[in-house]
Amino acid sequence: MGDEVKGMGLWSRLGWGLRVLRAYGRIGWVRKSQFRWEFVNQVVMDVMFYVSFILTFKMLYGLGADGESGALSLAGWSYAHMKVYLGMAFVSDALMMTFLGQQWHFGADLKNGALDSFRVRPGPTAFLYFFQRFSPEGLTNLAIAAGWLVYALSGVVGAEVPPLRLVWTLPLAIVVIAWTQVFMMMAYNLVELWLTHSDLGHLTWNLFSSMGERPLDVYPSGIQRFLTFIVPVAGLAWFPAALVLGKLSPTVAVVFPLVLLAFAWLVARVFRAGLRRYDSAMG
Amino acid sequence: MSAVPLKPVATRDFALLGKAVGYEFRKRIQFRTGFFVREVLNGVVQPLVMLFVYAALYKSASSSGDVGEAALRNWTFDEILKYVGGLLIVMKLTFSNRGLDLSTEIFEGRITKYLTMPVRYFVLLQARFAQFTMMQVMVASLVWCIGYGAVGDRWLVPVSWTAAGQGVTLVLLGSYCAFLLYVTINALAFWLDVVWSLLVMVSFVISFAGGALMPVSQMPSWAATPFEYLFPYWAISAPIEILMGRLGTDAFLRGLLIVGVQLVALDLLRRFVWRRGLARYVGAGM
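Note that the protein sequences, when read in sequence, are chains A and B.
The numbering used here numbers the first residue of the first sequence as 5 and each following residue consecutively.
The numbering used here numbers the first residue of the second sequence as 10 and each following residue consecutively.
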């Protein structure tokens with residue numbers, strides 16, 4: 005972390021971060037004004053991603069008409085619950101696309117030694133690097149994803165979820181999603197610091213995000229525990245959806261936030277160690 | 010000075026193809042960890058996740074909780090297991106856009122150097138397809154052996170040599186259709202600033218309509234019927250069902266006709282887009 009920021013108090017540091025984000029946001033809008041067709045394409049692309057997921061689960065649950073029980077559930081998740089789960093997964097994905105799009109270039113930037121300009125700036129390298137690519141189209145998709153989440157919640161609030169619980173669980177759920185996205189993204193890219201141009205960052209992202217896009221209850225208990233307590237992918241959609249729907253056990257509700265904090269601390273430490281071995285000519 | 014006679018175009022193209030495939034292989038294996046991740050592990054996760062989802066679904070559909078008992082739209086869980094095994098193989102063989110960087114070459118004005126040479130640029134792209142297919146046939150064979158060794162007869166074993174031949178034919182022709190489609194979308198970079206999102210959209214459609222998320226024949230008819238007229242279905246879902254013995258020779262012939270017609274149509278479209286694009290290309294980036 006740069007000395008200038010290190011010496012600041014918490015509020016000053018927060019204000020500094022917000023000013024940087026505002027500057028990145030302005031650059032993002034200017035950049036996108038040059039690529040207007042691409043803006044439309046990316047919005048449509050993400051809508052197709054959402055629609056393909058919704059249709060797949062609609063079709064899977066639709067198979068229930070052929071089953072003996074007449075109605076299917078995915079390891080205890082009814083279709084109404086699954087819609088909320090998908091809403092959380094979409095919001096999670098849109099948050100990542102809006103603020104953390106630069107992560108896709110980390111491996112190539114390391115190989116090309118393009119991290120130098122971020123290391124000499126007066127601020128945390130990871131923050132300055134990963135948040136640099138604000139995406140207006142991601143923000144548009146975030147609005148669409150939030151719309152789906154509101155629609156999905158309208159099907160369960162009142163009947164299954166008391167409105168009062170939603171008031172405090174929903175903001176908490178969004179905070180958990182954002183926190184998990186940031187530190188999971190850093191974790192995916194850690195390995196690139198040691199194995200340059202290996203694409204392992206992409207592979208681990210693909211592996212864990214694919215697993216996290218389905219309720220963790222469908223996996224064997226060992227995998228569930230791994231994805232909750234070791235690599236806390238659960239924070240991307242499962243924990244937030246279960247929190248809002250009241251499906252969490254008291255133990256998980258208490259322990260998981262602690263796991264998230266410990267994970268973030270560990271990832272930040274290892275990332276800093278990885279940066280120290282970066283010599284701007286790793287390729 | 011006497012002029013050196015040029016070889017016939019087809020001979021030159023074939024010699025160039027051979028050389029270019031060699032270079033493509035060298036490029037792919039340059040970074041060994043990256044090679045393993047990109048070529049071997051790529052595409053493995055999605056089918057495995059799909060298997061866990063199906064296991065939970067079949068468990069819910071069975072009154073006793075035994076996944077082996079239930080059948081959903083004429084598919085038992087054992088058949089789904091074979092289907093997922095088939096997906097692991099077939100998805101490896103289906104051409105992926107990561108094998109092309111044509112849009113970047115156009116955007117940055119780098120294809121000029123190829124256009125001034127006495128070679129057809131498309132042959133270099135075909136070399137990528139040839140390298141991809143040769144490499145993935147080896148990787149897919151390895152994956153099949155590992156799967157067979159792990160679960161034995163529960164793994165997808167072709168019902169006959171004829172079925173194997175028919176399945177592989179459809180997969181490779183379908184893969185070439187995907188290649189032509191990706192080349193065409195890449196060539197839109199002559200007009201558009203960035204095309205990667207279009208490429209991702211195309212890969213979504215190929216996966217969904219092809220049955221990479223669930224077998225097409227298990228989908229409701231409003232989705233399955235139109236998908237059966239598109240090449241992705243005949244490149245992914247149908248070949249697996251042929252290998253499983255769920256579809257026969259009549260289906261193969263129908264698929265061959267549909268894929269053949271679409272292959273010709275896509276090639277004509279590719280030529281049209283390429284020619285129109287070159288006409289407005291100025292060689293200095295778009």
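Even glycine gets a Cβ: it sits at the ideal position worked out from N, Cα and C.
Keep in mind that this is a model prediction, so the values were computed, not measured.
Taking a C-beta distance under 8 Å as the contact criterion, Gln175/B and Ile251/B qualify as a contact pair. Counting only unbroken stretches of 4 or more residues, the alpha helix (DSSP H) elements lying wholly within the stretch 203-271 of chain A are 204-216, 225-229 and 242-249, in sequence order. Just so you know, the alpha carbons of Arg119/B and Glu42/A end up roughly 21 Å apart. Rounded to the nearest angstrom, the Cβ distance from Trp198/A to Gly278/A is 7 Å, consistent with a contact under 8 Å. With its beta carbon less than 8 Å from one in chain B, Gln46/A belongs to the interface. For Phe213/B, the residues of chain A that pass the 8 Å Cβ criterion are Met49, Met52, Phe53 and Ser56, in the order they occur in the chain. The alpha-carbon separation between Phe230/A and Phe131/B amounts to approximately 47 Å.
Out of Thr255/A, Phe39/A, Met190/A and His206/A, the CA that lies nearest to the CA of Arg273/A is found in Met190/A. Spatial neighbours of Leu170/A in its own chain (CB-CB distance under 8 Å, excluding positions within 5 residues in sequence) are listed in chain order as Leu157, Val161 and Val248. Sixteen is the threshold: since fewer than 16 other Cβ atoms of the shown chains lie within 10 Å of the Cβ of Met143/B, the residue is exposed.
Following the DSSP letters along the chain, one finds His85/A inside the alpha helix (DSSP H) bounded by residues Tyr83 to Phe103. Note that the C-beta distance between Gln185/A and Met100/A is below 8 Å.
Closest in C-alpha terms to Asn210/A, from the list Pro17/B, Val58/B and Tyr32/B, comes Val58/B.
Here Thr125/B is not bridged, per DSSP, to any residue. Between Asp22/B and the set Val128/B, Ser69/B and Val203/B, the nearest pair of CA atoms involves Val128/B.
The straight-line gap separating the alpha-carbon atoms of Val152/B and Leu25/A is approximately 45 Å. Among the residues of chain B, none has a CB under 8 Å from the CB of Met189/A; the nearest is roughly 17 Å distant.
DSSP lists Leu81/B as the beta-bridge partner residues of Trp84/B.
For Leu78/A, the three-state secondary structure derived from DSSP is strand. A contact is defined here as three or more CB-CB pairs under 8 Å, and the stretch 255-268 of chain A meets this definition with respect to the stretch 228-247 of chain A.
In the displayed model, Val165/A falls within a strand according to three-state DSSP. Per DSSP, the unbroken alpha helix (DSSP H) holding Gln55/B starts and ends at Val54 to Ala70. At least 8 Å separates the CB of Arg35/A from every CB of chain B. Taken through DSSP and simplified to helix, strand or coil, Thr144/A comes out as helix. Closer than 7 Å at the C-beta level to chain B, one finds no residue of the stretch 94-127 of chain A. Sequence-ordered contacts of the stretch 209-240 of chain A with chain B read Asn210, Leu211, Ser214, Met215, Arg218, Val222 and Tyr223 [C-beta pairs closer than 7 Å]. If you draw a straight line from the Cα of Tyr242/B to the Cα of Ser253/A, it is about 43 Å long. Rounded to whole angstroms, Thr232/A and Arg280/A show a C-alpha spacing of 30 Å. When C-beta distances to chain A are compared with 7 Å, the residues of the stretch 181-213 of chain B below that value are Leu201, Asp202, Val203, Ser206, Leu207, Val209, Met210 and Phe213, in chain order. Secondary structure note for Ala149/B: its alpha helix (DSSP H) is the uninterrupted segment Tyr130 to Val160. At a C-beta separation below 7 Å, Trp41/A has these neighbours in chain B: Leu201 and Asp202.
Residues of the same chain with a CB within less than 7 Å of the CB of Gly219/B, apart from the 5 flanking positions on each side, are Pro241, Tyr242, Ala244, Ile245 and Ser246 in chain order.
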